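Here the structure comes first, spelled out in structure tokens, and everything after it is commentary.
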Amino acid sequence: MKTMKNVIFTFVVLLTVLPITTFAEGIFDNLFPEVQGLYNSVSLNLWNFSLIYEDSKLAAGLRLQDEVTRSESYKLGFITMKRPVDKSYFNFLAFVGQVYGVALTVGYENYSIPSTGFEKTYYISTNQVIQTDYSKTWFALPSIPFGDSAIGPFSLNYEGFSLSKLGKEQPKINIKRGYASIDTLQLSFIQLGNIYSLGFYVFADKSLEQGATVNLGWDFDEGRIVGILGGRIFIDFEDFRFFFSTFGTYVPTSQNIKYGVWFRFLSPFNGDLIIQNNVAYFKIKVSQ
95 MKTMKNVIFT FVVLLTVLPI TTFAEGIFDN LFPEVQGLYN SVSLNLWNFS LIYEDSKLAA
155 GLRLQDEVTR SESYKLGFIT MKRPVDKSYF NFLAFVGQVY GVALTVGYEN YSIPSTGFEK
215 TYYISTNQVI QTDYSKTWFA LPSIPFGDSA IGPFSLNYEG FSLSKLGKEQ PKINIKRGYA
275 SIDTLQLSFI QLGNIYSLGF YVFADKSLEQ GATVNLGWDF DEGRIVGILG GRIFIDFEDF
335 RFFFSTFGTY VPTSQNIKYG VWFRFLSPFN GDLIIQNNVA YFKIKVSQ
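The letter at position 79 of the sequence shown is residue 173 when you use the working numbering, and the numbering goes up by one with no holes.
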């Protein structure tokens, strides 16, 4: 299957490029390489230059990028401290060669509560048009008095990613997970492609970053009820720190298992590796 070959290719690139870029970062203090893999396309970005490999074709590109971080000052005793409020950024790439096109990424992160963020990428080449969307939300509210008792506290932790390709072949990634806590009741929402499910979030921590999902949903592609099992865990192994999420369908009478895997890397590099039903996406950057 062509998409499975793409998944294997992205893993090979990831395993070969990252050790090289990590070594290079140790030599050049200001060198922070980034590698990104879309459907049939991989780009290696250094400074303002890029090397693009797309379906057996090569191209070189120039990048224009900017990042603005706003901070606010506050007093801690007699010391004035600064904390980041939000960050906005964009990255524009134009490339030519055996294939040519443009890519644009815009993003925003808000660090106040509620914390929110989004990132959108538009990749347009002579062979394909791809769009990716990422969004996240986290907020917490205290208990609300209700008569002689109280309701809450409340908290919500949401994160979602989608990738879509225009044309006859339409590989897609669509993974969304939302965890909510209302007093001691913890609920989960999982979207896996065209499967929508609701259920319980068990063994969860207070931040709703880790826990297990037991959901029941509806598969709109197959028109049937399915179960969704999975979870999210934080792994800290020596210098490697990342979140690992996995979700899969459970249908006793079906051998067509649908799944999603999401790595969110924090250190020594940051970014994502997302796989859904043999379609893969990754964006990895050496940590500053």
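All residues carry an ideal CB built from backbone N, CA and C; glycine is no exception.
Since this is a predicted model, take the numbers as computed values, not measurements.
Query	Result
Restricting to runs no shorter than 3 residues, where is the beta strand (DSSP E) found entirely within the region 247-284?	248-260 and 266-276
Counting only runs of 3+ residues fully inside the region 317-358, write out the beta strand (DSSP E) ranges in chain order.	318-331 and 334-344
Could you please give the first and the last residue of the uninterrupted beta strand (DSSP E) stretch that includes T307?	G305 to D313
For the putative contact between K352 and I289, defined by C-beta atoms under 8 angstroms, what is the C-beta separation to the nearest angstrom?	7 angstroms
Can the beta-carbon of Y391 be found closer than 9 angstroms to that of G195?	Summary: the structure shown does not reach residue 391, with the chain confined to residues 95 through 382, and so no result is reported for it.
Give me, in chain order, the residues of the same chain whose beta-carbon lies closer than 8 angstroms to that of K230; leave out the 5 immediate sequence neighbours on both sides.	S209, T210, G211, F212, Y252, E253 and G254
When DSSP labels each residue in this structure, what does D227 get in the three-state scheme?	strand
Looking only at C-alpha atoms, which of Y375, A153 and A298 sits nearest to V355?	Y375
State the Cα-Cα distance for the pair I368 and F357, rounded to the nearest angstrom.	6 angstroms
DSSP three-state label for S361, please.	strand
Out of curiosity, what's the CA-to-CA distance linking Q222 and K259?	7 angstroms
What is the rounded straight-line gap between the Cα of E119 and the Cα of V129?	Note that E119 scores 40 on pLDDT, short of 50, meaning its location in the model is unreliable; the coordinates nonetheless yield the value given after this. Computed Cα separation, rounded: 14 angstroms.
Which partner residues of F300 appear in the DSSP bridge assignment?	Residue identity differs from the one stated: residue 300 is Lys in this sequence, not Phe. For K300, which the question treats as bridged, DSSP gives no partner whatsoever.
Quick check: the Cα distance between Q159 and V190, rounded to an integer number of angstroms?	18 angstroms
Exposed or buried, D313, counting other C-beta atoms within 10 Å across all chains shown (16 or more means buried)?	buried
Rank F336, I319 and K181 by C-alpha distance to the C-alpha of I327 and give the top, closest one.	F336
Do you know how far the Cα of L302 is from the Cα of G325?	11 angstroms
Expressed to the nearest angstrom, what Euclidean distance is found between the alpha-carbon atoms of Y168 and S361?	29 angstroms
Let's test the definition: count the other Cβ atoms within 10 Å of the Cβ of R318 and tell me whether it reaches 16, buried, or not, exposed.	exposed
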